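Chemist: Just dropping this structure here.
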DNA sequence: TGCGCAACAATTATGTATAATCTGCGCGGT
DNA sequence: ACCGCGCAGATTATACATAATTGTTGCGCA
């Protein structure tokens, strides 16, 4: 029947709250890479106890969002150009296969949700330099939702899980290497003219590109759809290449 | 003078010890799938405190070796035929690509270690029904080592990480669905004649098959090597198909 | 007499306070 | 200047307190 859980104090466990808060702060680059995460400072920052934080950190560690050294505590995981390239390679492998499966196995519901996600993405204002963070987050959410919808037709649960993890890591690299130029020395738009930077962002986030990808997919044109997906991932890569000087 | 009290506990942390003990017991099917893991019972089993166990469990959860329900504790993760198939699919995707990369990028050290791993595998006694667990473990270790050596020529760190995780999960399914027939009702060799069962095991673990795979790889024959790898994964799958009745 | 519901008891998860151990760093002695 | 001692500050582990869930018992009602 209808089991009503009582849950006297907060609705969700504090460990879960700690996990989500920390995760969001790391993903959005509010905590810079390599920042030491001492329990006491986190207790102060989030007003949480000792156990929930430790549990959250140990979960984040197996997700590779924080690193850990025995008896020396936790730090926010670092970002690097080489890891970015590695992530891009893994993304191509995994998402290509997922898209292939989706094209073969996707049903009507999948098609409808893909069209809906594409429409929502089209409505969001496109990327540009120094845009307000709320707009940036909206665009990122809808962009992620579109790619999720694209791959969602596939039945491969484990591959989708991996794709999600890659996506998370790329999000973090994205934010730290490109979109938060003020937070890292010498990164982002400061390296080139804002005009050029905007052009790159425009190229990487071009809605037409996503439209073409969706159409090829809906027409079950496997070869072309995968070509477009790989090109899309490569374009994003080129954007970083342009941004990163050495 | 006061150097007596240094290094009181073991060299590694108890959380790490708890993690490794639990992990091994789950992987070797000493703890059956769906077994509830209450802290108190684990405290008794491993003679460890409360915090290390909690930390170990939360790490195992993000690895999907245990499942967790809020306010209802942890259990050993379940196994199922559908998840097994899903894992096999993911393995084909990821290992095919890793092998392709290894064939293109592998150096001399890689070749030597691959040959060494193959030699070690050849020395281990092959699989058969009701073999002693120590021999089973030895064969499994060398088999894993061979496949690791095969893929190790690739530079893709994230993909190798994923391959490792898939490998771990398959190991668990393997043990629970095939090699521990006495532990699960109606599984394993009981379902067919021991002769037939042995034939299947023989086919899946045939050393010649691994030899051919290695030789195609060392000759940098990408197409044939990947064919053999996919066939190898499929054979293992067929073994399970034979064992699983419905 | 049998079934269902509700309060109760036991077990277990969750969180806090506290003790013990370890690492890094500065101070002082040689 | 260099080596070692010792003092913070942090991590790691234990004991204790609290809250939630599960199982059970007993009572009421059909």
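Chains as they are written, first to last, in this note's numbering: chain V, -18 to 227; chain S, -18 to 227. Glycine included, each C-beta is placed from N, C-alpha and C at the ideal position. A quick note: this is a predicted structure, and the numbers were derived from the prediction, not measured.
So is residue 208 of chain V in contact with chain S if we call contact Cβ pairs under 9 Å?
Modeler: no
Chemist: To the nearest angstrom, report how far apart residue 211 of chain S and residue 53 of chain V are at their CA atoms.
Modeler: 43 Å
Chemist: At what residue ranges does the segment 49 to 91 of chain V contain a whole run of the beta strand (DSSP E), taking only runs of 3 or more?
Modeler: 54 to 57
Chemist: Residue 18 of chain V bridges to which residues according to DSSP?
Modeler: V:55
Chemist: Measure the Cβ-Cβ separation of residue 128 of chain V and residue 105 of chain V and say whether it is below 9 Å.
Modeler: Against a cut-off of 9 Å, the Cβ pair of residue 105 of chain V and residue 128 of chain V comes out as no contact.
Chemist: Taking CB distances under 9 Å as the criterion, tell me whether residue 43 of chain S reaches chain V.
Modeler: Yes, because at least one Cβ of chain V sits closer than 9 Å to the Cβ of residue 43 of chain S.
Chemist: Between which residues of its own chain and residue 27 of chain V is the CB-CB distance below 6 Å, once the five residues before and five after are set aside?
Modeler: 2
Chemist: Could you confirm whether any beta carbon from chain V is found closer than 9 Å to the beta carbon of residue 133 of chain S?
Modeler: no
Chemist: Can you list the residues of chain V that residue 58 of chain S reaches, using a CB-CB cut of under 9 Å?
Modeler: The premise fails here: residue 58 of chain S is roughly 13 Å from chain V at the closest Cβ pair, so nothing lies under 9 Å.
Chemist: Please classify residue 100 of chain S as buried or exposed, where buried requires at least 16 neighbouring CB atoms within 10 angstroms.
Modeler: Label assigned to residue 100 of chain S: exposed.
Chemist: Please classify residue 167 of chain S as buried or exposed, where buried requires at least 16 other C-beta atoms within 10 Å of its C-beta.
Modeler: Note that residue 167 of chain S scores 44 on pLDDT, short of 50, meaning its location in the model is unreliable; the coordinates nonetheless yield the value given after this. Its Cβ having fewer than 16 others within 10 Å, residue 167 of chain S is exposed.
Chemist: Less than 9 Å between CB atoms is the rule here; does residue 70 of chain V satisfy it with respect to chain S?
Modeler: Closer than 9 Å: yes.
Chemist: Applying a beta-carbon distance threshold of less than 7 Å, which residues of chain V neighbour residue 51 of chain S?
Modeler: -6
Chemist: Kindly indicate which residue of S:182, S:81, S:196, S:156 has the alpha-carbon position closest to the one of residue 207 of chain S.
Modeler: S:81
Chemist: Closest to residue 184 of chain V by C-alpha separation, out of V:140, V:134, V:110, would be which residue?
Modeler: Checked all of V:140, V:134, V:110; the closest Cα to residue 184 of chain V is V:110.
Chemist: Say whether chain V places a C-beta atom closer than 9 Å to the C-beta of residue 139 of chain S.
Modeler: True, the Cβ-Cβ gap to chain V drops below 9 Å.
Chemist: Tell me which same chain residues have a C-beta within less than 7 Å of the C-beta of residue 60 of chain S, skipping the five on either side of it?
Modeler: 14, 153, 154, 157, 158
Chemist: Residue 36 of chain V versus chain S: which residues are under 9 Å apart at the beta carbon?
Modeler: 35, 36, 39
Chemist: With a Cβ-Cβ cutoff of 9 Å, do residue 36 of chain V and residue 39 of chain S count as a contact?
Modeler: yes
Chemist: Beta carbon of residue 68 of chain S, beta carbon of residue 150 of chain S: below 9 Å?
Modeler: It is a contact, given that the beta carbons lie within the stated cut-off.
Chemist: For residue 55 of chain S and residue 66 of chain S, what's the separation of their Cα atoms in angstroms?
Modeler: 25 Å
Chemist: I'd like the span of the alpha helix (DSSP H) that includes residue 147 of chain S, first residue to last.
Modeler: 138 to 155
Chemist: Can you list, in chain order, the residues of the segment 14 to 28 of chain S whose Cβ is nearer than 9 Å to any Cβ on chain V?
Modeler: none
Chemist: For residue 76 of chain V, which residues in the same chain have their Cβ closer than 7 Å to its Cβ, ignoring the five residues on either side in sequence?
Modeler: 132, 144, 210
Chemist: When you compare each of S:34, S:20, S:180, S:30 to residue 108 of chain S by their alpha carbons, which one comes out closest?
Modeler: S:180
Chemist: Apply the 10 Å Cβ neighbour rule to residue 74 of chain S and answer buried if 16 or more other Cβ atoms are within range, or exposed otherwise.
Modeler: buried
Chemist: Could you have a look at residue 0 of chain S and say whether DSSP puts it in helix, strand or coil?
Modeler: Helix.
Chemist: Note down, one range per segment and in chain order, each alpha helix (DSSP H) of at least 4 residues found wholly within the segment 111 to 137 of chain V.
Modeler: With a minimum length of 4 residues, the unbroken runs of alpha helix (DSSP H) contained wholly in the segment 111 to 137 of chain V fall at 114 to 132.
Chemist: Which term fits residue 176 of chain S, buried or exposed, when burial requires 16 or more other beta carbons within 10 angstroms of its beta carbon?
Modeler: By the 16-neighbour rule on beta-carbons within 10 angstroms, residue 176 of chain S is exposed.
Chemist: Go through its chain and collect everything with a Cβ distance to residue 119 of chain V's Cβ below 6 Å, but skip five positions before and after it.
Modeler: 105
Chemist: For the alpha helix (DSSP H) holding residue 38 of chain V, just list the boundary residues, first then last.
Modeler: 31 to 43
Chemist: Straight-line CA distance for residue 8 of chain V to residue 130 of chain V?
Modeler: 21 Å
Chemist: Measure the C-alpha to C-alpha separation of residue 10 of chain S and residue -4 of chain S and round it to an integer number of angstroms.
Modeler: 21 Å
Chemist: In angstroms, rounded to a whole number, what distance separates the CA positions of residue 21 of chain V and residue 46 of chain V?
Modeler: Residue 21 of chain V and residue 46 of chain V have their C-alpha atoms roughly 19 Å apart.
Chemist: Spatial neighbours of residue 49 of chain V within its chain, please: CB distance less than 6 Å, with the 5 preceding and 5 following residues excluded, ordered by chain position.
Modeler: Beyond the five residues adjoining it in sequence on each side, residue 49 of chain V comes within less than 6 Å, by CB distance, of 42, 55 in the same chain, given in chain order.
Chemist: Tell me which residues share the same chain as residue -1 of chain S and place their Cβ nearer than 6 Å to its Cβ, disregarding the 5 neighbours each side in the sequence.
Modeler: Around residue -1 of chain S: 29, 33, 34, 37.
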